[in-house]
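These notes concern the structure reproduced below.
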Amino acid sequence: MTDETKKKINAKYERELLHGERFWPDSLFKDAIVALGIFIFLVLLATFVGVHDSPKADPSDTSYVPRPEWYFLFLFKFLALYGQIPVFGKIEWVATVLIPGIAIGLLTLLPFIDKSPQRYYAKRAMPIAIMTIMVLGMVLLTMTADVPTVAADGSGLLGNLQTVAGLIVPSLAYIAFVGMAYTLKENAVRAIAWTTALAAALMIGFTAATLALYQPAAVAVIEIPTTLADQIVAGQDLYSVHCVECHGDDGKVEEITGVEGLEGKKISIISSKDVLYTVNDASMAEIIAYGRPDSGMNPFGKAYNPEGLTRSEIDYVVTFMRYTWDDRFEAPYIAPLYPPLAEGEVPSYSVHIEPIVKRYCISCHRPGKDNNNYLMTSYEELLTTGDNASHNLISNDPTSYLLQVIQQIPITDPASGEELIGVMPPNKALKPEIVEVFVRWVQAGMPK
Amino acid sequence: MRSTLWQKLFSWLDERLGLNDAYKNLLDRPEPKGNWWNTLGSASLFLFILQAVTGIFLTVYYTPSPDHAYDSIQYIMTEVQFGWLVRGIHHWSASLMVIVVFIHMLRVFFTASYKYPRELTWLIGIGLLLLTVGMGFTGYLLPWHQMAYWATTVGTQIAGSVPFAGEFILKSLRGGPDLSALTLQRFFAAHIWILPALLVALIGVHLYLIIRHGESHFPDKED
Ligand code: HEM
Numbered sequence: 058m059t060d061e062t063k064k065k066i067n068a069k070y071e072r073e074l075l076h077g078e079r080f081w082p083d084s085l086f087k088d089a090i091v092a093l094g095i096f097i098f099l100v101l102l103a104t105f106v107g108v109h110d111s112p113k114a115d116p117s118d119t120s121y122v123p124r125p126e127w128y129f130l131f132l133f134k135f136l137a138l139y140g141q142i143p144v145f146g147k148i149e150w151v152a153t154v155l156i157p158g159i160a161i162g163l164l165t166l167l168p169f170i171d172k173s174p175q176r177y178y179a180k181r182a183m184p185i186a187i188m189t190i191m192v193l194g195m196v197l198l199t200m201t202a203d204v205p206t207v208a209a210d211g212s213g214l215l216g217n218l219q220t221v222a223g224l225i226v227p228s229l230a231y232i233a234f235v236g237m238a239y240t241l242k243e244n245a246v247r248a249i250a251w252t253t254a255l256a257a258a259l260m261i262g263f264t265a266a267t268l269a270l271y272q273p274a275a276v277a278v279i280e281i282p283t284t285l286a287d288q289i290v291a292g293q294d295l296y297s298v299h300c301v302e303c304h305g306d307d308g309k310v311e312e313i314t315g316v317e318g319l320e321g322k323k324i325s326i327i328s329s330k331d332v333l334y335t336v337n338d339a340s341m342a343e344i345i346a347y348g349r350p351d352s353g354m355n356p357f358g359k360a361y362n363p364e365g366l367t368r369s370e371i372d373y374v375v376t377f378m379r380y381t382w383d384d385r386f387e388a389p390y391i392a393p394l395y396p397p398l399a400e401g402e403v404p405s406y407s408v409h410i411e412p413i414v415k416r417y418c419i420s421c422h423r424p425g426k427d428n429n430n431y432l433m434t435s436y437e438e439l440l441t442t443g444d445n446a447s448h449n450l451i452s453n454d455p456t457s458y459l460l461q462v463i464q465q466i467p468i469t470d471p472a473s474g475e476e477l478i479g480v481m482p483p484n485k486a487l488k489p490e491i492v493e494v495f496v497r498w499v500q501a502g503m504p505k
Numbered sequence: 066m067r068s069t070l071w072q073k074l075f076s077w078l079d080e081r082l083g084l085n086d087a088y089k090n091l092l093d094r095p096e097p098k099g100n101w102w103n104t105l106g107s108a109s110l111f112l113f114i115l116q117a118v119t120g121i122f123l124t125v126y127y128t129p130s131p132d133h134a135y136d137s138i139q140y141i142m143t144e145v146q147f148g149w150l151v152r153g154i155h156h157w158s159a160s161l162m163v164i165v166v167f168i169h170m171l172r173v174f175f176t177a178s179y180k181y182p183r184e185l186t187w188l189i190g191i192g193l194l195l196l197t198v199g200m201g202f203t204g205y206l207l208p209w210h211q212m213a214y215w216a217t218t219v220g221t222q223i224a225g226s227v228p229f230a231g232e233f234i235l236k237s238l239r240g241g242p243d244l245s246a247l248t249l250q251r252f253f254a255a256h257i258w259i260l261p262a263l264l265v266a267l268i269g270v271h272l273y274l275i276i277r278h279g280e281s282h283f284p285d286k287e288d
């Protein structure tokens with residue numbers, strides 16, 4: 058740039074200043090309004106949207122599908138699309154390092170590449186067109202971030218549409234820009250503007266088609282317990298499912314009964330001071346994760362047991378144990394397991410029976426356990442499974458096997474006098490009010 | 066001439082601090098006719114300051130260890146008075162800052178404000194953009210939840226795909242072959258000391274250059 062041009066630029070700037078504004082108060086006033094608006098917007102977001110919860114990190118849970126911060130999504134999408142290109146797509150670093158590196162490099166050196174003193178928009182069609190397509194591409198790639206490149210049924214249609222929108226159209230547009238700038242020179246502005254508009258329309262169109270064709274699979278929403286009370290309840294549910302069969306619902310079991318291979322095994326009372334005072338939270342979590350394989354407790358950490366517990370879940374169990382049994386901790390208010398029954402009220406499966414079964418029975422009555430094939434994980438299973446399915450639950454019949462066994466009456470084979478079904482739960486009788494709920498429920502014909 | 070106590074105090078301070086000079090040089094500057102697009106730079110600055118203030122509050126309770134990071138965040142969200150608000154603002158403001166800084170960059174690009182004499186301002190600006198994204202990347206890991214853990218695993222893997230140096234970059238980011246307590250400690254140090262220090266320094270130079278050259282005017286047909 059010659060000194061001549063520099064002088065001209067500075068002179069023009071001085072002229073602009075003459076009919077301009079003052080930094081204080083004119084510009085600062087606008088700045089302050091924007092800052093205030095942003096602040097209010099953020100407070101509203103924090104109050105009404107909050108921060109999305111996710112469970113605690115679990116290095117052993119490799120099934121987790123990673124999802125970067127949203128402003129990196131476009132890069133991930135770009136990588137995925139690039140990976141579809143034959144041959145070149147296999148050289149990963151071209152997409153992860155080379156292309157982003159070139160883009161950032163060009164952006165950094167921009168003032169030294171675009172050295173012409175011209176600033177008016179129409180005189181800069183080329184850089185503006187390149188940037189517009191680039192930013193549009195980033196936005197559209199972010200929008201399609203969740204659309205897979207290969208559909209569940211193996212069809213590549215979605216992937217092809219995305220490749221056209223995200224890679225092919227922009228590349229063709231860039232080639233056209235360069236071509237036009239060289240052939241048309243000064244007259245290229247119009248051509249470039251039209252090409253940009255056309256490319257943008259195509260990119261938006263193909264992206265819209267992708268989004269319209271894509272049916273997202275329903276995702277299960279996982280509730281994450283955040284308050285202490287919720288964590289204790291979550292821990293209790295997990296404890297009921299995984300630990301009750303050996304340690305009993307109050308952790309007081311000294312001798313295991315009704316568990317295959319461990320019958321009669323003497324164990325320490327895990328709700329006693331002996332255990333709770335000597336084992337701190339970290340070691341407790343470790344015992345649960347690694348188990349006590351030598352003495353018969355299997356590991357529960359996801360790394361050793363695919364059906365086991367995640368890190369958060371193990372923490373909830375420990376929290377539950379502390380706040381329920383350890384007299385040094387004071388538990389917060391916790392809602393009762395099921396709403397207490399009023400005089401003459403009829404209990405239902407979903408409100409009363411399900412939570413009770415979940416806490417007291419399901420640890421043994423689920424697939425893969427010794428339970429006479431009696432599964433209790435749903436209403437249908439409760440009514441129809443089991444070796445003695447036809448006897449377990451009979452509408453308004455007090456001799457239903459289930460009612461007998463929970464009232465401490467074992468079922469014996471009338472022919473041989475042998476015990477068929479022991480009392481339930483095997484290790485500790487249910488509280489009378491819970492038995493009452495079952496009795497009334499059967500009386501009423503087992504309503505759902 | 067009689068002067069009030071305030072005037073005396075002001076002139077005493079002015080003699081020593083140069084308040085009047087500061088006013089003339091910093092605030093009472095002429096600018097070309099601007100519009101709302103010109104507020105994006107100061108909005109970036111505002112968001113940065115907001116992040117610093119809320120971030121300092123968060124470090125009071127946050128513990129950068131794999132065993133306690135998650136729980137300390139839960140504690141902030143449920144037990145600490147207004148902890149949810151402070152974390153909520155820090156969380157959303159982080160995303161907003163990336164957007165605002167990016168749009169600020171776009172506005173400077175479209176008005177060609179990076180040209181003579183503001184080339185250096187642009188160069189520093191790119192540094193600021195990269196640092197802002199770096200803040201987002203390092204901050205994302207700190208809550209140590211599943212999303213953070215696996216996103217960072219993949220993110221560092223990508224950095225590890227650099228030919229030849231990849232292995233070294235991956236290990237220095239993670240502090241070992243895998244994500245561990247070291248990674249968290251490292252990201253924490255970067256997030257609260259290294260990157261903010263660089264940001265403050267670069268913002269200082271950025272602002273100095275803006276005052277030195279003045280805000281550019283919106284180009285017209287003559288430019
Ligand atoms: C933490 C991030 C940033 C902060 C706090 C910041 C702050 C500011 C402020 C307060 C201004 C003056 C007001 C305005 O024009 O909006 C400004 C102008 C400017 N910024 Fe930034 N900025 C940041 C990032 C960037 C980036 C990413 C770029 C571009 C790569 C950039 C390039 C410029 C340029 C060239 C100017 C002069 C504009 C003109 O004179 O018209 N800045 N910045």
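Chains as they are written, first to last, in my numbering: chain A, 58 to 505; chain B, 66 to 288. Even glycine gets a Cβ: it sits at the ideal position worked out from N, Cα and C.
{"Item": "8 Å CB neighbourhood of A:Glu312 in its chain, flanking five on each side removed", "Value": "Gly321, Lys322, Lys323 and Ile324"}
{"Item": "B:Thr69, buried or exposed, once every other Cβ within 10 Å from all chains shown has been counted against 16", "Value": "exposed"}
{"Item": "Pairwise C-alpha distance: A:Pro393 and A:Gln500", "Value": "24 Å"}
{"Item": "Cβ-Cβ separation, A:Gly223 to A:Leu259 (assumed contact under 8 Å), whole Å", "Value": "With a Cβ gap of about 11 Å, A:Leu259 and A:Gly223 do not count as contacting."}
{"Item": "Min CB distance B:Gly269 to chain A below 7 Å", "Value": "no"}
{"Item": "Inter-residue spacing [alpha-carbon to alpha-carbon] between A:Leu193 and A:Lys415", "Value": "51 Å"}
{"Item": "Inter-stretch contact at 8 Å, needing at least 3 Cβ pairs: the segment 369–380 of chain A / the segment 468–482 of chain A", "Value": "no"}
{"Item": "9 Å Cβ cut-off: residues of chain B touching A:Val154", "Value": "Ile223, Ala224, Ser226, Val227, Pro228 and Gly231"}
{"Item": "Closest Cα partner of A:Glu78 within the set B:Pro97, B:Leu78 and B:Leu92", "Value": "B:Pro97"}
{"Item": "CB of A:Leu319 within 7 Å of CB of A:Gly358, strictly", "Value": "no"}
{"Item": "Of the residues A:Lys69, A:Ser452, A:Ile491 and A:Asn453, the one placed nearest A:Gln464, counting alpha carbons only", "Value": "A:Ile491"}
{"Item": "Residues bridged to A:Lys322 [DSSP beta-bridge criterion]", "Value": "In the DSSP output, where bridge partners are listed per residue, A:Lys322 has none listed."}
{"Item": "Bounding residues of the beta strand (DSSP E) (the contiguous stretch that carries A:Ile478)", "Value": "Glu476 to Ile478"}
{"Item": "Within-7 Å CB hit, A:Thr199 to chain B", "Value": "no"}
{"Item": "Supposed contact pair A:Ala182 and A:Ala256 - C-beta distance, whole angstroms, cut 8 Å", "Value": "Between A:Ala182 and A:Ala256 the Cβ distance is about 14 Å, and since that is not below 8 Å, they are no contact."}
{"Item": "Neighbour list for A:Ile66 in chain B, Cβ cutoff strictly below 7 Å", "Value": "Tyr181"}
{"Item": "Cβ distance (whole Å) where A:Tyr139 is taken to contact B:Lys286 below 8 Å", "Value": "Not confirmed; about 41 Å, so no contact."}
{"Item": "Any chain B beta carbon closer than 7 Å to A:Pro125", "Value": "yes"}
{"Item": "Any heavy atom of ligand 1 within less than 6 Å of residue CB: hits in chain order", "Value": "B:Asn103, B:Leu105, B:Gly106, B:Ser107, B:Ser109, B:Leu110, B:Phe113, B:Val166, B:His169, B:Met170, B:Val173, B:Ser178, B:Tyr179, B:Arg183, B:Thr186, B:Trp187, B:Gly190, B:Ile191, B:Leu193, B:Leu194, B:Thr197, B:Ile268, B:His271, B:Ile275, B:Glu280 and B:Ser281"}
{"Item": "Euclidean distance between Cα positions of A:Gly213 and A:Tyr271", "Value": "12 Å"}
{"Item": "Alpha helix (DSSP H) segment containing B:His278, residue limits", "Value": "Leu260 to His278"}
{"Item": "Residue from B:Arg277, B:Ala262 and B:Ser237 with nearest C-alpha to B:Arg251", "Value": "B:Ser237"}
{"Item": "CB contact check: A:Ser117 to chain B, cutoff 7 Å", "Value": "no"}
{"Item": "Euclidean distance between Cα positions of B:Met200 and B:Met162", "Value": "10 Å"}
{"Item": "Member of B:Leu249, B:Ile164, B:Ile191 and B:Thr197 whose CA lies at the smallest distance from the CA of B:Thr218", "Value": "B:Leu249"}
{"Item": "Residue environment, A:His76, which counts as buried when at least 16 other CB atoms sit within 10 Å", "Value": "exposed"}
{"Item": "Runs of alpha helix (DSSP H) lying entirely within the segment 85–118 of chain A, each at least 4 residues, in chain order", "Value": "85–101"}
{"Item": "Residue span of the alpha helix (DSSP H) that contains A:Ala182, given as start and end", "Value": "Ala182 to Met200"}
{"Item": "CA-to-CA distance, A:Leu74 to A:Pro174, given in whole angstroms", "Value": "19 Å"}
{"Item": "Residue burial classification, A:Glu411 (beta-carbon count within 10 angstroms, cutoff 16)", "Value": "buried"}
{"Item": "Which of helix, strand or coil DSSP assigns to B:His210", "Value": "strand"}
{"Item": "Which of helix, strand or coil DSSP assigns to B:Pro95", "Value": "strand"}
{"Item": "Other residues of its chain near A:Pro404: CB distance less than 7 Å, five sequence neighbours each side excluded", "Value": "Leu398, Ile410, Val494, Arg497 and Trp498"}
{"Item": "Rounded straight-line distance, which links the Cα of B:Met142 to that of A:Val108", "Value": "9 Å"}
{"Item": "Nearest-angstrom Cβ-Cβ length linking A:Leu167 and B:Trp258, presumed shorter than 8 Å", "Value": "Between B:Trp258 and A:Leu167 the Cβ distance is about 30 Å, and since that is not below 8 Å, they are no contact."}
{"Item": "Inter-stretch contact at 8 Å, needing at least 3 Cβ pairs: the segment 189–198 of chain B / the segment 136–156 of chain B", "Value": "no"}
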